[in-house]
Structure formats: structure tokens, C-alpha cells
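Residue numbers (our numbering): 5 to 492.
So, in C-alpha cells, the structure goes:
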């Protein structure tokens with residue numbers, strides 16, 4: 005990543021040249037298969053997936069460790085903008101070559117690796133993943149797949165165009181729990197579902213706050229300009245790294261971005277959902293003085309309740325209403341649940357409301373239960389869906405195996421064709437949340453009104469736009485900082 009900004013046009017042109025050159029080089033690189041080298045028990049280079057990690061601290065550390073744990077992946081290249089965060093991975097893989105700029109790593113090393121794991125903050129997921137796919141590299145991208153709806157749509161299209169194996173990092177999609185829920189629903193145990201409730205205690209980082217006014221020195225180990233990436237230029241602030249960037253719209257996607265992919269995936273899979281038709285939201289407010297509501301447009305609100313409507317699918321008799329609640333807000337306890345019985349997992353949960361009954365699960369769709377809980381002893385349903393070896397923990401090995409097998413050779417739990425629409429729904433709920441929290445100055449100059457909090461936003465999925473509240477469409481596709489491009 006150059007320190008000196010260039011125009012978007014120059015960036016796009018240079019990136020096309022880089023991708024083309026690297027692609028030509030990669031085309032001439034041949035891996036010798038095991039059967040040619042021979043030798044029983046011999047592990048040829050082609051039997052190992054050579055992985056480059058971008059964003060190798062925090063979640064990236066555990067992602068890479070899980071790929072290596074599969075026994076079929078070599079972590080050969082590491083990239084991070086912060087040497088402090090990268091330290092553990094550098095120690096774990098002493099033979100891996102380390103870079104700070106993923107573009108430099110791709111340009112110099114693309115012929116030497118097969119796949120890329122992306123565990124950066126949300127605002128740089130898309131640019132890294134797209135550049136990798138354009139080089140023909142398989143990609144694993146942490147949830148949410150992207151920061152913007154437009155990015156999710158383009159990455160989904162790119163996965164099919166470049167014929168690469170993709171997986172989003174929502175491990176619960178490989179779990180036994182979602183498959184059990186799916187089998188119960190298909191067996192008609194709870195009848196037809198028309199309503200789903202999802203809740204979480206997130207955020208567990210500050211939200212609904214002003215941007216810090218202090219301007220501390222940038223830590224010497226951090227390249228702040230590279231960390232900002234596609235986001236607007238701002239001075240460095242403390243306590244953004246690690247984790248708290250999730251609460252700022254320029255970088256994160258709030259509680260929905262953190263846990264939405266873990267909690268909404270089960271209803272998507274079980275009910276066959278895809279694109280919402282409308283969304284609405286209400287948000288928690290922060291008052292800085294009596295009667296004075298704080299206005300913090302850069303920060304996600306402290307809590308929210310978003311509602312999405314999905315059209316009838318092949319697995320439902322009518323539309324499905326999905327409620328998302330965060331900040332500790334929960335739906336009413338179902339009457340079938342005993343007064344002292346745990347609702348969800350205590351912090352998060354999923355509740356399917358059917359015409360003949362209800363079923364519930366915890367985060368990652370773990371611990372599925374029929375309500376009342378006594379039905380668990382009565383109902384026995386034949387297994388219909390194959391389980392992923394290792395359940396949720398097998399999510400990583402599944403991607404490794406899929407990459408080695410090749411595009412289209414193996415079914416994965418969260419390929420972009422499924423993860424893309426799921427991500428779009430999550431980010432669509434965020435559109436409603438941002439709209440509900442968007443102030444409009446009163447004509448008399450006395451404070452603000454919030455028109456988006458009192459409407460249902462109608463969503464045109466094909467054209468990716470809200471048709472009746474244009475103010476939020478600016479968030480469907482961000483304007484990247486000069487020098488950055490999605491390359492499409």
C-alpha cells in the first residue's frame with residue numbers, strides 16, 4: 005500500500021496491470037501431482053494447500069491455526085499492517101514470509117500460493133478478497149463477507165466468474181445444530197414458519213459515542229494509513245484496535261456484522277431465504293443532557309431492533325418476518341418455555357415460530373431444542389443431511405479440502421453463493437438502523453427529527469436500492485479513498 009495517494013483511475017489501471025502480469029506468471033507455474041512423484045505415504049506439494057493470510061492477528065491467528073490443524077494446509081505467507089497483532093502468527097510460522105501490504109505480497113508471491121485467508125476489519129474484506137479471486141486464488145473471508153451490499157454482490161459474482169472455492173467464516177453453518185433444525189422443519193414438526201426472532205448481547209464494545217478528540221502518536225509497529233485502507237483519512241486514535249473498530253461505521257458493521265452471520269444463517273438455510281423486500285428499525289438513543297439527544301453519526305447506536313420481511317419461498321407458505329435485536333434487547337419468552345429454563349444461551353438466541361410449534365437454538369445454531377423441551381424426548385427424526393466432520397470446528401478443514409478438490413467438486417457450508425445473500429440481508433438491516441438513526445435538522449433550528457425511524461424502507465434487491473428513502477442509499481456502496489478500488 006503506497007503511503008502517497010494516487011487517483012482512483014491510476015489505481016485501477018495499475019491494479020489491472022498487476023493482476024494481468026501475475027496471472028500470466030501463475031499460468032506458467034506447474035505443480036507436480038502425487039501420482040507422478042510416487043512413493044506410498046509421500047506428501048507432494050499438490051496435496052497441501054499453500055495459504056497466504058491477510059490480517060493475521062486476533063481472529064486471523066485462530067483462523068490460520070485451524071487451517072494448519074487440518075494437516076493439509078501450509079501457512080506460507082503472512083500479511084498484517086500491525087506488527088504487534090501479527091507477532092503470534094509470525095512465531096507460529098517461522099518459515100512464512102511476512103509483508104505489511106497485501107498488494108505487494110500478491111504482486112511478488114502470487115505464483116507461490118493457492119489460497120488467501122482474509123481476517124482484516126470489515127472495511128477491507130472486499131478489496132483483499134477481490135484481488136485474490138482475480139488472481140485465481142481460493143478465498144476464506146471472515147464474517148461479514150463485506151462491509152457494503154454492493155461489495156457482497158460483486159464478490160458473489162466474482163466467485164462464479166473466476167471459479168474459485170469460497171467460504172465465509174461463520175463456522176456455525178458447518179455445525180450439526182443447523183442441520184438438526186433443518187431436519188425438524190422439513191419433517192413438519194413445527195409446521196410452517198412465518199416469524200423468526202434473533203437476539204444478542206452485542207455490542208460488547210463502545211457505541212453511540214463521539215469520535216475521540218485526542219490525537220495520540222501512532223504506534224511505531226502500526227502502519228495507520230494501510231489500516232485505514234478504503235476508509236476516509238483520519239488521525240489515529242487509541243482503543244480502536246483491536247475490536248472496537250466494530251462500533252464505527254467507517255470500519256465495522258456493528259452488532260449485526262459481528263454476530264448476524266452466526267445467528268441469521270440458520271433461518272436462511274432452513275427456510276430457503278434470500279433477499280428481503282423491506283426493512284425497518286428502531287434504535288437506542290444516548291442523551292448527553294436532559295432532553296438533549298446526542299448526535300453521533302460516525303458511531304453505531306448502542307442498541308437496535310431491526311425487522312426484515314422476506315417473500316414466500318419454496319419452504320414457506322407465505323412471507324417470513326425476521327426480528328433482529330441487539331444491545332441486550334430480547335423478545336418475549338415463549339409460553340412453552342418454563343420460567344427458569346434458559347432462553348437461547350443466555351446472551352444470544354434464535355427462535356422459529358411455526359404454525360404447529362416452536363424451535364430454538366443458541367449462537368452458531370448450537371444446542372437446538374424443540375419447545376416445550378419435553379418434546380425432545382418424544383420426537384425422533386431420521387437424519388437427512390450429511391454432517392460436516394468436526395461439526396462447526398470442521399468449517400476450516402472443509403474449505404481446505406474443497407480448495408484441494410477444486411471448484412465445483414465439493415459442497416461447502418458457506419460459499420459466496422449462499423454467504424453473499426445472507427450478508428446482503430444483514431447489511432440491509434444495517435441500512436434500516438442507519439436510517440432510523442439519521443438526523444434531519446428541524447426548520448426552526450431547534451434540534452433534529454429522525455424521519456427514517458418512522459417508516460418501512462422498501463428494498464429493490466435487483467438494483468440494490470431503497471426506493472422510498474434515498475438518504476440511506478449512500479451506504480449501499482461506499483466511496484473509497486483515492487488510491488483504492490474494488491477493481492470491477
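Beta carbons are placed, not taken as given, at the ideal position from N, Cα and C, and that holds for glycine. All figures in this text were calculated on a predicted structure; none of them were measured in a lab.
Beta-carbon within less than 7 angstroms of residue i's beta-carbon, same chain only, minus the 5 sequence neighbours each way: which residues are those?
i: residue 252; result: 302 and 303
i: residue 267; result: 202, 204, 352, 354 and 367
i: residue 247; result: 209
i: residue 426; result: 265, 268, 269 and 272
i: residue 481; result: 152 and 154
i: residue 100; result: 79, 80, 81 and 82
i: residue 179; result: 368, 369, 370, 395 and 396
i: residue 236; result: 254 and 485
If you draw a straight line from the C-alpha of residue i to the C-alpha of residue j, how long is it?
i: residue 169; j: residue 485; result: 29 angstroms
i: residue 92; j: residue 60; result: 8 angstroms
i: residue 34; j: residue 115; result: Residue confidence is low: residue 34 scores 34 on pLDDT, short of 50, so the model does not pin down where it sits. Its coordinate-derived value is still stated next. Taking the straight line joining both Cα atoms gives about 10 angstroms.
i: residue 286; j: residue 222; result: 37 angstroms
i: residue 405; j: residue 457; result: 46 angstroms
i: residue 415; j: residue 391; result: 12 angstroms
i: residue 318; j: residue 245; result: 44 angstroms
i: residue 254; j: residue 479; result: 10 angstroms
i: residue 96; j: residue 284; result: 46 angstroms
i: residue 62; j: residue 262; result: 14 angstroms
i: residue 342; j: residue 278; result: 34 angstroms
i: residue 275; j: residue 356; result: 10 angstroms
i: residue 200; j: residue 249; result: 29 angstroms
i: residue 165; j: residue 137; result: 9 angstroms
i: residue 187; j: residue 320; result: 15 angstroms
i: residue 434; j: residue 385; result: 37 angstroms
i: residue 314; j: residue 327; result: 11 angstroms
i: residue 74; j: residue 131; result: 27 angstroms
i: residue 87; j: residue 225; result: 5 angstroms
i: residue 312; j: residue 408; result: 38 angstroms
i: residue 335; j: residue 393; result: 34 angstroms
i: residue 489; j: residue 483; result: 9 angstroms
Taking a contact to mean a Cβ-Cβ separation below 7 angstroms, would you say residue i touches residue j in this structure?
i: residue 423; j: residue 134; result: no
i: residue 362; j: residue 338; result: yes
i: residue 459; j: residue 153; result: no
i: residue 227; j: residue 462; result: no
i: residue 376; j: residue 340; result: yes
i: residue 492; j: residue 219; result: no
i: residue 420; j: residue 124; result: no
i: residue 102; j: residue 94; result: yes
i: residue 106; j: residue 58; result: yes
i: residue 476; j: residue 439; result: yes
i: residue 195; j: residue 378; result: no
In chain order, what residues of the same chain lie with their CB nearer than 6 angstroms to the CB of residue i, ignoring the 5 residues before and after it?
i: residue 372; result: 181, 184, 185 and 365
i: residue 231; result: 85
i: residue 216; result: 241
i: residue 265; result: 147, 148 and 174
i: residue 70; result: 400
i: residue 29; result: Any answer about residue 29 is weak, because its pLDDT of 38 lies below 50 and its placement is not dependable; what the coordinates show is given next. 115, listed in sequence order.
i: residue 90; result: 60, 61 and 84
i: residue 167; result: 411
Which residues in the same chain have their Cβ closer than 8 angstroms to the Cβ of residue i, if we skip the five residues on either side of it in sequence?
i: residue 117; result: 54, 55, 56, 80, 81 and 141
i: residue 291; result: 297 and 298
i: residue 443; result: 299, 301, 452, 453 and 454
i: residue 207; result: 250, 251, 258, 259, 262, 304, 306, 330 and 331
i: residue 76; result: 51, 52, 53, 401, 404, 405 and 408
i: residue 413; result: 406
Buried or exposed for residue i, going by 16 or more other Cβ atoms inside 10 Å?
i: residue 32; result: Residue confidence for residue 32 is low, a pLDDT of 34 falling below 50, so the modelled location carries little weight; the figure read from the coordinates is stated next. Exposed.
i: residue 441; result: buried
i: residue 191; result: exposed
i: residue 383; result: exposed
i: residue 452; result: exposed
i: residue 197; result: buried
i: residue 449; result: exposed
i: residue 239; result: exposed
i: residue 126; result: buried
i: residue 446; result: exposed
i: residue 428; result: buried
i: residue 380; result: exposed
i: residue 294; result: exposed
i: residue 466; result: exposed
i: residue 350; result: exposed
i: residue 387; result: exposed
Assuming residue i contacts residue j under a Cβ cut-off of 8 angstroms, what Cβ separation, rounded to an integer in Å, is found between them?
i: residue 65; j: residue 234; result: No, residue 65 and residue 234 are not in contact; Cβ-Cβ is about 23 angstroms, not under 8 angstroms.
i: residue 310; j: residue 436; result: 5 angstroms
i: residue 418; j: residue 109; result: Not quite, the Cβ-Cβ distance comes to about 25 angstroms (not below 8 angstroms), so this is no contact.
i: residue 193; j: residue 68; result: Their Cβ separation, rounded to whole angstroms, is 40 angstroms, which puts residue 193 and residue 68 out of contact at 8 angstroms.
i: residue 332; j: residue 212; result: So it is not a contact: roughly 13 angstroms between Cβ atoms.
Is residue i close to the ligand FAD? I mean its beta-carbon at under 6 angstroms from any heavy atom of the ligand.
i: residue 227; result: Judged by which ligands are present, the structure shown has none, so any question about the ligand FAD falls away.
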